[in-house]
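Peer 1: Quick one: this structure, given as structure tokens, is what I'll be asking you about.
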Amino acid sequence: MSTYHLQIVTPDRKVYDGEAQKIILRTVNGDVCILPHHIDFAIPLGIGQASVTDADGNTRQAACNGGMLSVSNNEVRVVAVTYEWADEIDLERAKRAEEEAEERMKILDRQDKDFAMAEVRLKRALTRIQAKG
Amino acid sequence: MAGASMKAIKLRIKSVESTMQITKAMQLVATSKLRRAKERMENSKPYAAISREAIMAAVAQCNDPQVMFVTPREVKNRCYVVIAGERGLAGGYNANVFKAVAAHSGDTPYCVLPLGRKAIDKFQRMGAPLLDDTVGHVEGLGVSRCYQLTQRLIAGYKNGEFDELFLVYTSFRSMMSQEVEVEQLLPIEKPQDEQPRNVVTIYEPSPEEMLEKAVPDFLAGRLYSAVCDSFASEVSARRNAMDSATKNAGEMISDLRLKYNRARQGAITQEITEIVAGAEH
């Protein structure tokens, strides 16, 4: 099966740098799957699960948040704000974050900008829990 | 008389020795911090480079003057993000950064986002408006804090507090050389000498919207990597400064030892002469 060069980076580290068969990511327009020889393409990322299939056909799950995806000349780059493989996710922490965000959303007004922030936190926490399980 | 000067020299040796102990300890601390700082810097580089490439490609295709991030406007006020150290004793590290700001700003009024205790103190004394004065500790500045600061910067840029944004940091070239860099962050300059590519990139939803979403992330990543770069520079500047201070102290001590021994010899010779002179009479 043909592959392409995939790089996944976050501000504090290089998460992945190698050949891959495919990657599925949550973008602002919904889920996108990139296969080899994709046309040049760029799109901002949303909050959601990611799944990478490497050259040997192993698939790994991850939680991905923000940033952008860019495909140029069969080089695929994921520039994410945070990116954690399923085995790196701290489930306890994610559950705590979920509860805290829910608590805050109960007491805050819907118009409050803190409400939107709590909502984003909740989404991130839920994504992590999903990616883990 | 000889006794008095001998005592003075001995005291001086003692004081230089204790200073040397301090500089030596600081050098060792800096050396051990340097390894981690360099690692952090290396890890922050790929993001900055890759996101820069992607952003520049989108900027080249963006022709909408509505996108504030790429559209230059009349410059009434500038903003400098100045990254300096938390402490001194690092050679010219802090001073060089401030010199670069002074040289670059010219007569244009500016506000500052200082990072590092020394930068906060310096610009407070100068009376420049500060966007934030809470980041005194650069060493532990994390990614999420950089995101918060970037949000503050973008808000300031969008509501017209300033029209240009510059980043002033120290780039780590090697253990021996670190150089201050002034980089324009906003508005993003269009790449000039880009040869027209015949491949068309699809931007979703559009290049403009892509930039609106991706530029804040790019800036936060850039800020983080500049912080890591500066901290590595600071530590290696301190290591070099303390290394030469320790060497100087060693030289001073050996000079003083020589003087002390001469004075001691002189005192003994004088005593013998006096005794011999006394015996002859």
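Protein sequence lines correspond, in order, to chains L and H.
Counting the first sequence from 1 gives a position; the working numbering is that position plus 2.
Counting the second sequence from 1 gives a position; the working numbering is that position plus 58.
By construction, the Cβ of each residue, glycine as well, lies at the ideal position given by its N, Cα and C atoms.
Just so it is clear, the structure is predicted and the values come from calculations on it, not from any experiment.
1) Three or more C-beta pairs under 8 Å: does that hold for the region 303 to 319 of chain H against the region 66 to 77 of chain H?
2) Would you verify that the beta carbon of PRO13 (chain L) is, or is not, closer than 7 Å to some beta carbon of chain H?
3) Please confirm whether ALA96 (chain L) and ILE131 (chain L) have their CB atoms less than 7 Å apart.
4) Going along the chain, which residues of its own chain have a beta-carbon closer than 7 Å to the beta-carbon of ASP190 (chain H), five neighbours each way excluded?
5) Roughly how many whole angstroms lie between the Cα atoms of ILE67 (chain H) and ARG94 (chain H)?
6) Strictly below 8 Å CB to CB, what residues from chain H border GLY68 (chain L)?
7) In this structure, what does DSSP give as the bridge partners for CYS137 (chain H)?
8) Using the three-state DSSP reduction, which class does ASN67 (chain L) fall into: helix, strand or coil?
9) Fully enclosed by the region 64 to 111 of chain L, which alpha helix (DSSP H) runs are 4 residues long or longer?
10) Rank H:VAL133, H:VAL117, H:ARG131, H:ILE113 by C-alpha distance to the C-alpha of LEU71 (chain L) and give the top, closest one.
11) If you drop the 5 nearest sequence neighbours on each side, which residues of the same chain put their C-beta closer than 8 Å to that of VAL133 (chain H)?
12) Any C-beta of chain L within less than 7 Å: which residues of the region 116 to 135 of chain H qualify?
13) Checking 7 Å against the spacing of the C-beta atoms, do THR129 (chain H) and ARG297 (chain H) come in under that value?
14) Going by C-alpha to C-alpha distance, which of L:ALA99, L:ARG126, L:ALA44 sits closest to ASN75 (chain L)?
15) What does a CB cutoff of less than 8 Å around LEU188 (chain H) pick up in its chain, not counting 5 residues either side in sequence?
16) Give the range of the alpha helix (DSSP H) segment to which LYS176 (chain H) is assigned.
17) Using a Cβ-Cβ distance under 7 Å, would ALA44 (chain L) count as near chain H?
18) Is the separation between the beta-carbon of LEU225 (chain H) and that of VAL285 (chain H) shorter than 7 Å?
19) Any beta carbon of chain A sitting closer than 7 Å to that of ASN31 (chain L)?
20) If the criterion is Cβ atoms closer than 7 Å, does the pair THR81 (chain H) and THR331 (chain H) meet it?
21) Between GLN209 (chain H) and chain L, is the shortest Cβ-Cβ distance under 7 Å, so that the two count as touching?
Peer 2: According to the structure shown:
1) At 8 Å Cβ cutoff, the stretches touch.
2) Counting from 1 along the first sequence, the entry for residue 13 (chain L) is found at position 11. Interface residue, yes.
3) Position 94 of the first sequence, counted from the first residue, corresponds to residue 96 (chain L). Position 129 of the first sequence, counted from the first residue, corresponds to residue 131 (chain L). For ALA96 (chain L) and ILE131 (chain L), yes; Cβs fall inside 7 Å.
4) Along the second sequence, one-based indexing puts residue 190 (chain H) at 132. Only residues of its own chain outside the window of five on either side were considered, and among them LEU171, LEU207, ARG210 have a CB closer than 7 Å to the CB of ASP190 (chain H), listed in chain order.
5) Position 9 of the second sequence holds residue 67 (chain H). Position 36 of the second sequence holds residue 94 (chain H). Cα-Cα distance, rounded: 41 Å.
6) Here residue 68 (chain L) is taken as the residue at index 66 of the first sequence, counted from 1. Simply ASP275.
7) Locating residue 137 (chain H) in the second sequence gives position 79, where the first residue counts as 1. The secondary-structure analysis by DSSP pairs CYS137 (chain H) across a beta bridge with H:CYS169, H:LEU223.
8) The sequence position of residue 67 (chain L) within the first sequence is 65, counting from 1. The answer is strand: DSSP assigns ASN67 (chain L) an E or B state.
9) Within the region 64 to 111 of chain L, the complete alpha helix (DSSP H) runs of at least 4 residues fall at 93 to 109.
10) Along the first sequence, one-based indexing puts residue 71 (chain L) at 69. Checked all of H:VAL133, H:VAL117, H:ARG131, H:ILE113; the closest Cα to LEU71 (chain L) is H:ILE113.
11) Looking up residue 133 (chain H) in the second sequence gives position 75. THR166, ASP221, GLU222.
12) Of all residues in the region 116 to 135 of chain H, those with a C-beta nearer than 7 Å to a C-beta of chain L are ALA116, reading in chain order.
13) The count along the second sequence starts at 1 and reaches residue 129 (chain H) at position 71. The count along the second sequence starts at 1 and reaches residue 297 (chain H) at position 239. No, the pair does not count as a contact, with Cβ atoms beyond the cut-off.
14) Taking the first sequence and counting its residues from 1, one reaches residue 75 (chain L) at position 73. Residue L:ALA44 is the option with its Cα nearest to ASN75 (chain L).
15) Here the question's residue 188 (chain H) lines up with position 130 in the second sequence. Excluding residues within five positions, the ones whose Cβ falls inside 8 Å are CYS169, VAL170, LEU171, PRO172, ILE178, PHE181, GLN182.
16) For this step, residue 176 (chain H) is matched to residue 118 along the second sequence. From DSSP, the alpha helix (DSSP H) with LYS176 (chain H) extends over 175 to 184.
17) By 1-based counting over the first sequence, the position of residue 44 (chain L) is 42. Chain H, which has a Cβ nearer than 7 Å to the Cβ of ALA44 (chain L), makes this yes.
18) Residue mapping note: residue 225 (chain H) aligns to position 167 of the second sequence, counting from 1. Residue mapping note: residue 285 (chain H) aligns to position 227 of the second sequence, counting from 1. In this structure, VAL285 (chain H) does not lie closer than 7 Å to LEU225 (chain H) by Cβ.
19) Included in the structure are the protein chains L and H, with no chain A among them.
20) Translated into positions along the second sequence, residue 81 (chain H) becomes position 23. Translated into positions along the second sequence, residue 331 (chain H) becomes position 273. No; because the gap between Cβ atoms is not below 7 Å, this pair is not in contact.
21) Position 151 of the second sequence holds residue 209 (chain H). No, GLN209 (chain H) does not count as interfacial toward chain L.
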